[in-house]
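Everything on this sheet refers to the single structure shown next.
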Amino acid sequence: MRLTRRQVCFGAGGAIVGSALPASGSTPVVVDIRSFVFEPAEITIRAGETIVWINHDFAPHTATDDEVNWDTGELEKDAQAAIRFDTPGTYPYFCAYHPHMTGTVIVTA
Ligand SMILES: [Cu+2]
Numbered sequence: 001m002r003l004t005r006r007q008v009c010f011g012a013g014g015a016i017v018g019s020a021l022p023a024s025g026s027t028p029v030v031v032d033i034r035s036f037v038f039e040p041a042e043i044t045i046r047a048g049e050t051i052v053w054i055n056h057d058f059a060p061h062t063a064t065d066d067e068v069n070w071d072t073g074e075l076e077k078d079a080q081a082a083i084r085f086d087t088p089g090t091y092p093y094f095c096a097y098h099p100h101m102t103g104t105v106i107v108t109a
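Residue numbers (full-length UniProt numbering): 1 to 109.
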């Protein structure tokens, strides 16, 4: 059998650092997306905490990990997405539609 769609296997077997499940019991940390800027651009949380991205712009945005290990998907105006981070590390990310929009998630143990 010939593998023709290797990209489908991207990330298989790798570390899953984020999951799109809301945390239970803890208050999520919010990153606002406003005027094509992530606010705050750099955010530090502890492992197991959840970040919620909220888009306040009319333009759609995403928060997409540089390594594409996690992704909010498209956020329309006033839409939000939560991602929980279980693995300590530094995770630069960007907006898939506007790659000049960048931010960093720092997860401490
Ligand atoms: Cu954007």
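For each residue, glycine too, the CB sits at the ideal point set by N, CA and C.
Beta-bridge annotation (DSSP): D32 is paired with E39, I54. Annotation for A82: the continuous beta strand (DSSP E) segment containing it runs 80-85. According to the DSSP assignment, T108 belongs to the beta strand (DSSP E) that extends over 102-108. Excluding five sequence positions before and after D57, the CB atoms of its chain that fall closer than 8 Å to its own CB belong to I33, R34, S35, F36, K77, given in chain order. G73 is positioned such that its CB atom lies closer than 8 Å to that of T62. In the three-state scheme derived from DSSP, where H, G and I count as helix and E and B as strand, P99 is classed as coil.
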